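J.:
Residue numbers (our numbering): 81 to 673.
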């Protein structure tokens with residue numbers, strides 16, 4: 081994440097009571113230790129970064145992709161993919177250089193060479209087959225021109241597949257008819273969106289920032305569903321900067337819709353409902369179409385597959401937090417208005433929220449390290465500070481302690497492993513000495529305590545890639561933010577791309593893919609150099625050579641089969657709209673350009 085004065089790469093675990101610092105540095109802006117691609121190593125650690133994506137696979141591994149962060153002494157967009165197995169980081173794929181362009185290959189064809197370009201602010205989800213899906217963000221397509229992306233990628237655990245969208249930046253959307261899926265439909269290139277996976281393994285995309293088809297720039301409130309084959313425009317507007325329709329708190333209504341916004345926080349609960357919190361955008365009284373009347377939001381919304389419900393928080397922007405007493409639920413409690421925090425759903429279905437940038441208890445704006453739980457009725461302030469700009473308390477690496485807490489940060493990535501532990505990686509924020517920069521620290525929360533697992537407690541660290549495909553204790557992704565992450569069916573953590581630092585210290589969009597097996601990171605695929613082009617291969621065909629280009633700030637999800645899906649983001653050449661699937665071995669370019 082991004083903290084006090086730099087990027088972070090510390091990894092933390094929260095066990096329900098205490099934080100444990102697991103890996104990474106307690107200082108900002110630390111470079112990653114990539115080691116050998118594909119080889120887990122205790123020395124491996126992603127470089128400090130923010131705005132990455134993350135996910136948990138079915139084996140409980142944590143995955144991290146891309147973001148904006150450190151490569152060597154330089155900062156840029158990242159596309160490195162990392163896996164954390166609970167002990168070590170593995171650099172899985174992508175580059176250890178910044179600002180790598182994507183390797184798209186053939187749309188729909190998985191290929192070992194395929195790789196999303198370096199990017200940040202993408203979104204992701206996991207499908208029913210445990211594939212990771214990655215969409216859009218801000219970074220690089222297949223040429224060295226940075227912008228907004230709308231490419232959709234799938235990662236199957238081995239290869240990337242470019243599924244849909246464009247391999248160039250700045251592409252318009254094709255909305256079609258609301259409620260009807262169509263092969264021609266595709267969201268426009270965008271970043272700062274959010275995503276979910278429903279109980280059926282479908283990927284969902286909401287909002288973000290970009291140009292609409294009428295040439296207006298601003299924040300969207302459009303809701304999209306991807307069924308594994310086609311996109312469908314579900315609700316919201318095809319124009320930017322719309323205010324919210326809140327209705328009555330707690331009552332679902334077909335007319336309800338959140339206002340246009342970016343950088344929200346999202347969850348999926350155990351019933352498959354989609355939840356949305358805050359972001360920066362338009363409240364109930366914003367001037368429709370205005371590009372200046374937006375602010376920080378703290379409204380909590382639920383989407384049941386048919387209608388939106390305003391659940392809690394305010395319909396007015398820029399609200400301070402109401403903290404109450406630490407550890408005690410209260411109907412009056414509510415987090416302050418914020419954006420760019422991270423979220424999990426714990427084993428009992430509670431929504432967990434950490435950090436971001438927003439309003440503290442007296443309304444001051446800054447990066448946060450407050451930790452919250454929502455039980456479906458009330459918020460509870462669990463840990464962290466009710467003020468801004470707090471440094472991390474790392475303790476001893478690998479040792480859980482009730483005093484441990486990650487520092488204030490934004491743009492981090494998060495996972496939940498197969499045992500229910502919560503994982504946090506990097507972002508832009510504050511290290512152990514109060515410096516601000518990109519982070520590459522890996523943390524685990526076991527429900528009681530945080531543990532610093534790997535990475536540095538200092539910002540802006542380079543990655544240690546090691547040998548591709550080989551886990552090594554020395555491996556670690558570089559510092560980055562707006563990366564992509566997920567967990568596979570075996571509990572391994574995966575990390576892809578983001579805006580960060582390559583192996584030479586140059587900052588840019590990354591497309592390195594990493595796997596963390598709980599002990600070591602493995603660089604699986606992709607480049608250790610920033611701004612690499614994607615290898616798209618043939619659309620719809622998985623190939624070991626496929627790899628998305630370097631990117632950050634797209635969207636991603638995991639389907640019910642454990643495939644990782646990636647859409648768009650910000651790449652070297654602009655905004656992307658390509659859709660990719662990663663099946664754990666190969667990438668497939670599914671759709672988009």
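Cβ coordinates follow ideal geometry from the N, Cα and C atoms, glycine included.
On a predicted model such as this, the values are computed, not experimentally measured, just so you know.
Helix, strand or coil for residue 131? Go by DSSP, reduced to three states.
T.: As a working note, residue 131 is residue 51 in the chain shown. If DSSP states are grouped into helix, strand and coil, residue 131 belongs with coil.
J.: Could you give the C-beta distance for residue 159 and residue 192, rounded to a whole number, given that I count them as a contact under 8 Å?
T.: The residue labelled residue 159 in the question sits at position 79 within the chain shown. The residue labelled residue 192 in the question sits at position 112 within the chain shown. Rounded, the Cβ-Cβ distance is 15 Å, inconsistent with contact.
J.: Please list, in chain order, all residues of the same chain as residue 393 whose beta carbon is under 6 Å from its beta carbon, the five residues on each side excluded.
T.: Position 313 of the chain shown holds residue 393. For residue 393, where only same-chain residues beyond five positions count, the Cβ hits under 6 Å are 378, 379, 380, 414.
J.: Let me know the secondary structure DSSP gives residue 670 once reduced to three states.
T.: Looking up residue 670 in the chain shown gives position 590. The answer is strand: DSSP assigns residue 670 an E or B state.
J.: Does the segment 133 to 148 come into contact with the segment 536 to 552, if we say contact requires no fewer than three beta-carbon pairs (one atom in each stretch) closer than 8 Å?
T.: No, because fewer than three Cβ pairs between the segment 133 to 148 and the segment 536 to 552 fall closer than 8 Å, the two stretches do not touch.
J.: Mind checking which residues open and close the beta strand (DSSP E) that includes residue 519?
T.: For the purposes of this step, residue 519 is identified with residue 439 of the chain shown, where counting begins at 1. Element bounds for residue 519: n/a, residue is neither H nor E.
J.: Which class does residue 295 belong to by DSSP, given the choice of helix, strand or coil?
T.: For this step, residue 295 is matched to residue 215 along the chain shown. In the structure shown, residue 295 sits in coil (DSSP, three-state: anything other than H, G, I, E or B).
J.: Are the segment 519 to 526 and the segment 452 to 460 touching by the rule of at least three beta carbon pairs closer than 8 Å?
T.: Contact between the segment 519 to 526 and the segment 452 to 460 is absent, because fewer than three Cβ pairs lie under 8 Å.
J.: In whole angstroms, give me the CA-to-CA distance for residue 566 and residue 194.
T.: If you number the chain shown from 1, residue 566 lands on position 486. If you number the chain shown from 1, residue 194 lands on position 114. Computed Cα separation, rounded: 18 Å.
J.: Taking contact to mean 3 or more Cβ pairs, one atom from each stretch, closer than 8 Å, check whether the segment 107 to 118 and the segment 538 to 547 are in contact.
T.: The segment 107 to 118, when compared against the segment 538 to 547, does touch it at the 8 Å Cβ threshold.
J.: Compute the Euclidean distance between the alpha carbons of residue 269 and residue 275, then round it to the nearest angstrom.
T.: Residue 269 sits at position 189 when you count from the first residue of the chain shown. Residue 275 sits at position 195 when you count from the first residue of the chain shown. The alpha-carbon atoms of residue 269 and residue 275 are separated by roughly 15 Å.
J.: By the DSSP assignment, the beta strand (DSSP E) with residue 334 in it spans what residues?
T.: Here residue 334 refers to the residue found at position 254 when the chain shown is read from its first residue. Run containing residue 334: none; DSSP gives neither H nor E here.
J.: Should the segment 112 to 131 be regarded as contacting the segment 180 to 190, the criterion being three or more beta carbon pairs within less than 8 Å?
T.: At 8 Å Cβ cutoff, the stretches do not touch.
J.: Taking Cβ to Cβ, would you say residue 141 is nearer than 7 Å to residue 176?
T.: Taking the chain shown and counting its residues from 1, the one referred to as residue 141 is at position 61. Taking the chain shown and counting its residues from 1, the one referred to as residue 176 is at position 96. Against a cut-off of 7 Å, the Cβ pair of residue 176 and residue 141 comes out as no contact.
J.: Taking all protein chains shown into account, do 16 or more other C-beta atoms lie within 10 angstroms of the C-beta of residue 330, making it buried, or fewer, making it exposed?
T.: By 1-based counting over the chain shown, the position of residue 330 is 250. Exposed, by the Cβ-count rule.
J.: Using a Cβ-Cβ cutoff of less than 7 Å, which residues in the same chain neighbour residue 361 once the five nearest sequence positions on both sides are dropped?
T.: Reading the chain shown from its first residue, position 281 is the one you call residue 361. The answer, listed in chain order, is 299, 339, 340, 341, 342, 374, 377.
J.: Based on Cα-Cα distance, which residue from 281, 570, 462 lies nearest to residue 408?
T.: By one-based count along the chain shown, residue 408 stands at place 328. Ranking the options by Cα distance to residue 408, first place goes to 462.
J.: Beta-carbon separation of residue 250 and residue 227 under 7 Å?
T.: Reading the chain shown from its first residue, position 170 is the one you call residue 250. Reading the chain shown from its first residue, position 147 is the one you call residue 227. Yes, the pair counts as a contact, with Cβ atoms nearer than the cut-off.
J.: What does the alpha-carbon distance come out to for the pair residue 569 and residue 590?
T.: The residue you call residue 569 lines up with position 489 of the chain shown. The residue you call residue 590 lines up with position 510 of the chain shown. Cα to Cα, the separation comes out at about 25 Å.
J.: Check the C-beta distance from residue 233 over to residue 659 and give it rounded, since I have them as a contact under 8 Å.
T.: Along the chain shown, read from residue 1 onward, the residue named residue 233 stands at position 153. Along the chain shown, read from residue 1 onward, the residue named residue 659 stands at position 579. So it is a contact: roughly 6 Å between Cβ atoms.
J.: Do residue 222 and residue 182 have their C-beta atoms within less than 7 Å of each other?
T.: Taking the chain shown and counting its residues from 1, the one referred to as residue 222 is at position 142. Taking the chain shown and counting its residues from 1, the one referred to as residue 182 is at position 102. The answer is yes: Cβ separation under 7 Å.
J.: Quick check on DSSP: helix, strand or coil for residue 189?
T.: Here residue 189 corresponds to residue number 109 of the chain shown, with the count starting at 1. Residue 189: coil per DSSP, three-state reduction.
J.: Which ranges would you report for the alpha helix (DSSP H) in the segment 449 to 534 if only whole runs of at least 4 residues count?
T.: Listed in chain order, there is nothing to give.
J.: Mapping the DSSP letters down to three states, classify residue 647 as helix, strand or coil.
T.: Within the chain shown, numbered from 1, the residue matching residue 647 stands at position 567. DSSP places residue 647 in strand when its eight states are reduced to three.
J.: Answer with buried or exposed for residue 444, where buried requires no fewer than 16 other C-beta atoms within 10 angstroms of its C-beta.
T.: Here residue 444 is taken as the residue at index 364 of the chain shown, counted from 1. Label assigned to residue 444: exposed.
J.: Quick check: is any heavy atom of the ligand SAH less than 6 Å from the C-beta of residue 518?
T.: No copy of the ligand SAH occurs in the structure displayed, which carries no ligand at all.
J.: Is the segment 555 to 563 touching the segment 609 to 625 in the sense that three or more CB pairs, one from each, lie closer than 8 Å?
T.: The segment 609 to 625, when compared against the segment 555 to 563, does not touch it at the 8 Å Cβ threshold.
J.: What three-state label does DSSP hand residue 611 in the structure shown?
T.: Within the chain shown, numbered from 1, the residue matching residue 611 stands at position 531. In the structure shown, residue 611 sits in a strand (DSSP, three-state: E or B).
J.: Determine the burial state of residue 277: buried for a count of at least 16 other Cβ atoms within 10 Å of its Cβ, exposed for fewer.
T.: Against the chain shown, residue 277 aligns to sequence position 197. Looking at its Cβ environment, which holds 16 or more other Cβ atoms inside 10 Å, residue 277 is buried.
J.: Run through DSSP, which three-state label would residue 222 get?
T.: The residue labelled residue 222 in the question sits at position 142 within the chain shown. Correct three-state label for residue 222: coil.
J.: Can you check whether the CB of residue 599 is closer than 7 Å to the CB of residue 168?
T.: As a position in the chain shown, residue 168 is number 88, starting the count at 1. As a position in the chain shown, residue 599 is number 519, starting the count at 1. Yes.
J.: If you draw a straight line from the alpha carbon of residue 479 to that of residue 99, how long is it in whole angstroms?
T.: Start at 1 with the first residue of the chain shown, and residue 479 comes out as number 399. Start at 1 with the first residue of the chain shown, and residue 99 comes out as number 19. Roughly 9 Å separates the two Cα atoms.
J.: Could you check if residue 437 is buried or exposed, using at least 16 other CB atoms within 10 Å of its CB as the buried criterion?
T.: Translated into the one-based positions of the chain shown, residue 437 becomes position 357. Flag for residue 437 reads buried.
J.: Starting from the Cα of residue 296, find the closest Cα among 129, 252, 303 and give me that residue.
T.: Counted from its first residue, the chain shown places residue 296 at position 216. Answer by Cα proximity: 252.
J.: Is residue 548 helix, strand or coil by DSSP?
T.: Position 468 of the chain shown, counting from 1, holds the residue named residue 548. DSSP places residue 548 in strand when its eight states are reduced to three.
J.: What did DSSP end up calling residue 357 once you bin it into helix, strand or coil?
T.: For this step, residue 357 is matched to residue 277 along the chain shown. Three-state DSSP puts residue 357 in a strand.
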